[in-house]
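Enquirer: Okay, handing you the structure first.
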Amino acid sequence: MDYLDERAALAVSRRRLLKAAAVGAGALATPVLAQALADLRLPGGPSRRPLASGFPGKGEMIVQRVRPPLLETPFSVFDRDVFTPADQFFVRWHWADMPTSIDVESFRLTVRGAVRQPISISLAQLLHMPRVEIAAVNQCSGNSRGLFQPRVPGAQWAHGAMGNARWLGVSLRHVLDLAGVRGDAVAVRFGGLDQPLVAGAPDFEKSLVIEHARDGEVMLAFAMNGEQLPMLNGFPLRLVVPGWYSTYWVKMLNDIEVLAAPDDRYWMEKAYKIPTTPGANVVPGAKGFPTVPIGAMVPRSWVTSLGEGQEIAFEPSIPLGGIAMGGDHGVARVDVSSDGGHSWRPATLGPDHGKYSFRRWDARVPLARPGRIRLMARCTSTAGVTQPMAPVWNPSGFMRANVEVTTILATR
Amino acid sequence: MAGRTQGFAPLAAGLIGIAAFVLIVVGPPGSRKPAPPPPVSAGPPPSSVSANGFTLTSATMDLPADDATYPDGPNADLVNARCSACHSPSMVLTQPAFPAEKWQEIVLKMRDVYHAPIAEQDIAPITQYLAARPVAD
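Order-wise, the sequence lines are chains A and B.
Take any residue in the first sequence, count from 1 to its spot, add 4: that is its number in this note's numbering.
Take any residue in the second sequence, count from 1 to its spot, add 1196: that is its number in this note's numbering.
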């Protein structure tokens, strides 16, 4: 065993020993039951992933990675309800060293840094604070990355690295005001209980500028869809940043640091950066372009009532349904096409759960003739932004938002 | 693609990781009978805190084991030793085919940013393995 072997072995085994000591025999890992394979139809593959239940608090999920977990929501889930059940909500962790046990009596959230009075808040105290509830889509920056062409490295998600929930908690502004933000504050950094396995690697932390952090909408959620969060979705607290990509929605949130200077650490300065161009679009292979941290989401929509490759009996017109999101604005309209985008007709929008939520849409579309049919949905937000037809490309595989095509086969 | 798979077990090699995962997690025949009842807990029920009609209850989780390894091939032992500490092999085995230059970029990022225990002399053989890895549809 050379020096590097030893370093790796020590780093890992020490963590494991600490963890085993902390939670005792309960830490013994249990197997996952793989029931089937999902085919994500990614261009060039590999497309097959195990479908498995057995991750804690989770029902059937597409297993992208076991450790640390990357679990994708099977797409059929999105046709059932605009709210995604917590036990099938996608899961994405950066570092494998996360607590396997949280005690709600001893857990504390600290608020420190450029504040008049650093504070430590218990969950009991938090439950006594004024509450806010908001319906909001939580979408990974790299949702649909596996569909980028040319392909890019990273978690090879199809469309299921997203979910919509009713988040219940306390406004971040309320908590910041309890500590008293100083006049020189410019940003707020958020950290969770997960840690790198290897010493010296950058702990996962994200930050928001102070005006955003104090906008009254950013919140600390202790519940989703009326229940406490599954551990893998950030129990006991996660940051909710409505309209913004999930990278900011820090899980197992236990540290809030008000900063008097911009955040120059790795996860803001180097990671999750996008080109400054419209749609974060650059020519494949481009390098050296200016970048900014990823931020607000953009409109997207999907057909959910029919799946890619599905065969149906031909009829002159068929019902079509799906979901749409406006990004950081509401959904103004959804148009649908059943002829590959040549003609469009408006869909009927379902109940409005707020501008950050998924919105159901339904329509009837004509089928010209039996054979392959290219179905499309196109969302326009209340900000007047319409989904483009052409996909974007960037080296990180972020912000895919073009009109998606669902090809079905109508047979006589 | 045939040239890229030389030195690897033929055909299904790219799927071995995932297949191994499934085998491991499903277990041998007979292992799927109902689990024995959980041991009677000696401890008190999990603690909880409540206010204004909402209760938070202490939670624990058992994360699943992952004993999957990288498929056989030149330098597979090295890849198993260096590229399994922080993440499961499934992270790599779900990636599409990339040219060697792209894989080297990724290996260097793993070393320089995420402090993966990769020595200078490991970079070329790890890159070779990753670039030659067969990718299934």
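Just so you know, even glycine gets a beta-carbon here, dropped at the ideal spot from N, CA and C.
Glutamine 1291 of chain B touches chain A at which residues, Cβ-Cβ below 9 Å?
Expert: Locating residue 1291 of chain B in the second sequence gives position 95, where the first residue counts as 1. The contacting residues are Pro50, Arg155, Pro157, Gly158 and Gln160.
Enquirer: Interface residues of chain A around alanine 1247 of chain B at Cβ under 8 Å?
Expert: Residue 1247 of chain B sits at position 51 when you count from the first residue of the second sequence. Going along chain A in sequence order, the residues near alanine 1247 of chain B (Cβ under 8 Å) are Ala128, Leu131 and His132.
Enquirer: Where does valine 174 of chain A fall in DSSP's three states?
Expert: To locate residue 174 of chain A, count along the first sequence from 1; it is residue 170. Note: valine 174 of chain A maps to strand in three-state DSSP.
Enquirer: Relative to the alpha-carbon of alanine 372 of chain A, which residue among A:Pro320, A:Ser341, A:Ala351 and A:Asn406 has its alpha-carbon at the smallest distance?
Expert: Your numbering for residue 372 of chain A matches position 368 in the first sequence. Comparing Cα-Cα distances from alanine 372 of chain A to each of A:Pro320, A:Ser341, A:Ala351 and A:Asn406, the minimum goes to A:Pro320.
Enquirer: Taking buried to mean at least 16 other C-beta atoms within 10 Å of its own C-beta, is glutamate 64 of chain A buried or exposed?
Expert: Your numbering for residue 64 of chain A matches position 60 in the first sequence. Flag for glutamate 64 of chain A reads buried.
Enquirer: Can you give me, in chain order, the residues of the segment 192-224 of chain A that have a beta carbon less than 9 Å from any beta carbon in chain B?
Expert: For the segment 192-224 of chain A, which is checked against every Cβ of chain B, the residues closer than 9 Å are Pro200, Leu201, Val202, Ala203, Gly204, Ala205 and Pro206.
Enquirer: Arginine 364 of chain A to arginine 304 of chain A, Cα distance in whole Å?
Expert: Start at 1 with the first residue of the first sequence, and residue 364 of chain A comes out as number 360. Start at 1 with the first residue of the first sequence, and residue 304 of chain A comes out as number 300. Their backbone Cα atoms lie some 12 Å apart in a straight line.
Enquirer: Which first and last residues belong to the alpha helix (DSSP H) in which proline 1321 of chain B is found?
Expert: Position 125 of the second sequence, counting from 1, holds the residue named residue 1321 of chain B. 1316-1328 is the extent of the alpha helix (DSSP H) around proline 1321 of chain B.
Enquirer: Ends of the beta strand (DSSP E) at leucine 212 of chain A?
Expert: Within the first sequence, the letter at position 208 stands for residue 212 of chain A. Here the beta strand (DSSP E) through leucine 212 of chain A covers 209-213.
Enquirer: Count the C-beta pairs between the segment 293-300 of chain A and the segment 310-329 of chain A that are closer than 8 Å, then say yes if the count reaches three, no if not.
Expert: No, because fewer than three Cβ pairs between the segment 293-300 of chain A and the segment 310-329 of chain A fall closer than 8 Å, the two stretches do not touch.
Enquirer: Please classify glutamate 1301 of chain B: does DSSP put it in a helix, a strand, or coil?
Expert: As a position in the second sequence, residue 1301 of chain B is number 105, starting the count at 1. Helix, per DSSP.
Enquirer: Closest to threonine 411 of chain A by CA distance: which of A:Ala387, A:Arg376, A:Arg404 and A:Met393 is it?
Expert: One-based indexing of the first sequence puts residue 411 of chain A at position 407. Out of A:Ala387, A:Arg376, A:Arg404 and A:Met393, A:Arg376 has the C-alpha closest to the C-alpha of threonine 411 of chain A.
Enquirer: If you compare alpha carbons, which of A:Gly358, A:Val340 and A:Gly344 is closest to proline 350 of chain A?
Expert: Within the first sequence, the letter at position 346 stands for residue 350 of chain A. Closest by alpha carbon: A:Val340.
Enquirer: If we cut at 8 Å on Cβ distances, does alanine 227 of chain A have a partner in chain B?
Expert: As a working mapping, residue 227 of chain A is identified with position 223 in the first sequence. Judged by the 8 Å Cβ criterion, alanine 227 of chain A is in contact with chain B.
Enquirer: Valine 179 of chain A by DSSP, collapsed to three states: which one?
Expert: In the first sequence, the residue the question calls residue 179 of chain A occupies position 175. Valine 179 of chain A falls in the helix class under three-state DSSP.
Enquirer: Would phenylalanine 59 of chain A be called buried (16 or more neighbouring beta carbons within 10 Å of its own) or exposed?
Expert: For this step, residue 59 of chain A is matched to residue 55 along the first sequence. With 16 or more other Cβ atoms within 10 Å, it is buried.
Enquirer: Use the C-beta contact count for threonine 77 of chain A: other C-beta atoms within 10 angstroms, 16 or more gives buried, fewer gives exposed.
Expert: The count along the first sequence starts at 1 and reaches residue 77 of chain A at position 73. It is buried - the Cβ of threonine 77 of chain A has at least 16 other Cβ atoms within 10 Å.
Enquirer: What is the DSSP secondary structure of proline 355 of chain A, reduced to helix, strand or coil?
Expert: Taking the first residue of the first sequence as 1, we reach residue 355 of chain A at position 351. The answer is coil: DSSP assigns proline 355 of chain A none of H, G, I, E or B.
Enquirer: Closer than 6 Å by C-beta to arginine 416 of chain A: which residues in its own chain qualify, once you throw out the five before and the five after it? Chain order, please.
Expert: Mapped onto the first sequence, residue 416 of chain A falls at position 412. Hits under 6 Å: Phe318 and Pro374.
Enquirer: Ends of the alpha helix (DSSP H) at tryptophan 306 of chain A?
Expert: Here residue 306 of chain A corresponds to residue number 302 of the first sequence, with the count starting at 1. Premise fails: tryptophan 306 of chain A lies in the beta strand (DSSP E), 304-307, not in any alpha helix (DSSP H).
Enquirer: May I ask you to report which of helix, strand or coil DSSP gives methionine 65 of chain A?
Expert: By one-based count along the first sequence, residue 65 of chain A stands at place 61. Looking at methionine 65 of chain A - three-state DSSP - the assignment turns out to be strand.
Enquirer: Return helix, strand or coil for lysine 131 of chain A, following the three-state DSSP convention.
Expert: What you label residue 131 of chain A is simply residue 127 of the first sequence in a count that begins at 1. The sequence as given places leucine at residue 131 of chain A; lysine does not occur at that position. Leucine 131 of chain A falls in the helix class under three-state DSSP.
Enquirer: For the beta strand (DSSP E) containing alanine 56 of chain A, list its first residue and its last residue.
Expert: Taking the first sequence and counting its residues from 1, the one referred to as residue 56 of chain A is at position 52. Alanine 56 of chain A -> beta strand (DSSP E) spans 52-57.
Enquirer: Using beta carbons (cut-off 8 Å, strictly below), is proline 60 of chain A in contact with chain B?
Expert: Taking the first sequence and counting its residues from 1, one reaches residue 60 of chain A at position 56. Closer than 8 Å: yes.
Enquirer: Among residues of its own chain, excluding the 5 on either side of valine 136 of chain A, which ones have a beta-carbon nearer than 6 Å to its beta-carbon?
Expert: For the purposes of this step, residue 136 of chain A is taken as residue 132 along the first sequence, with counting starting at 1. Closer than 6 Å at Cβ, skipping near neighbours: Ser175 and Met223.
Enquirer: Rounded C-beta distance between leucine 263 of chain A and alanine 42 of chain A? I'm assuming under 8 Å.
Expert: Working through the first sequence from its first residue, we reach residue 263 of chain A at position 259. Working through the first sequence from its first residue, we reach residue 42 of chain A at position 38. About 42 Å separates the two Cβ atoms, so there is no contact after all.
Enquirer: Are the Cβ atoms of serine 1284 of chain B and arginine 69 of chain A separated by less than 8 Å?
Expert: Taking the first residue of the second sequence as 1, we reach residue 1284 of chain B at position 88. Taking the first residue of the first sequence as 1, we reach residue 69 of chain A at position 65. Yes, the Cβ-Cβ distance between serine 1284 of chain B and arginine 69 of chain A is below 8 Å.
Enquirer: Can you tell me which residues form a DSSP beta bridge with phenylalanine 1250 of chain B?
Expert: Within the second sequence, numbered from 1, the residue matching residue 1250 of chain B stands at position 54. BP columns for phenylalanine 1250 of chain B point to B:Ala1247.
Enquirer: What residues of chain B sit near phenylalanine 239 of chain A, judged by a beta carbon separation below 7 Å?
Expert: As a first step, residue 239 of chain A must be located in the first sequence, where it is residue number 235. Here the neighbours are Ala1255.
Enquirer: For tyrosine 276 of chain A, which of A:Phe93, A:Ala140, A:Gly158 and A:Phe79 has the nearest alpha-carbon?
Expert: As a first step, residue 276 of chain A must be located in the first sequence, where it is residue number 272. Checking every option, the nearest Cα to that of tyrosine 276 of chain A belongs to A:Gly158.
Enquirer: Would you mind reading off the limits of the alpha helix (DSSP H) that contains leucine 257 of chain A?
Expert: Walking along the first sequence from the start, residue 257 of chain A turns up at place 253. From DSSP, leucine 257 of chain A is part of no alpha helix (DSSP H) but of the beta strand (DSSP E) over 257-263.
Enquirer: Look at the Cβ atom of alanine 227 of chain A, then the Cβ atom of leucine 236 of chain A, and state whether they are nearer than 8 Å.
Expert: Position 223 of the first sequence, counted from the start, is the residue given in the question as residue 227 of chain A. Position 232 of the first sequence, counted from the start, is the residue given in the question as residue 236 of chain A. Taking 8 Å as the Cβ cut-off, alanine 227 of chain A and leucine 236 of chain A do not qualify as a contacting pair.
Enquirer: Hey, quick one: how far does the beta strand (DSSP E) through methionine 1287 of chain B stretch, first residue to last?
Expert: Counting from 1 along the second sequence, the entry for residue 1287 of chain B is found at position 91. Looking at the DSSP string, methionine 1287 of chain B is not in any beta strand (DSSP E); the run it does join, the alpha helix (DSSP H), is 1286-1289.
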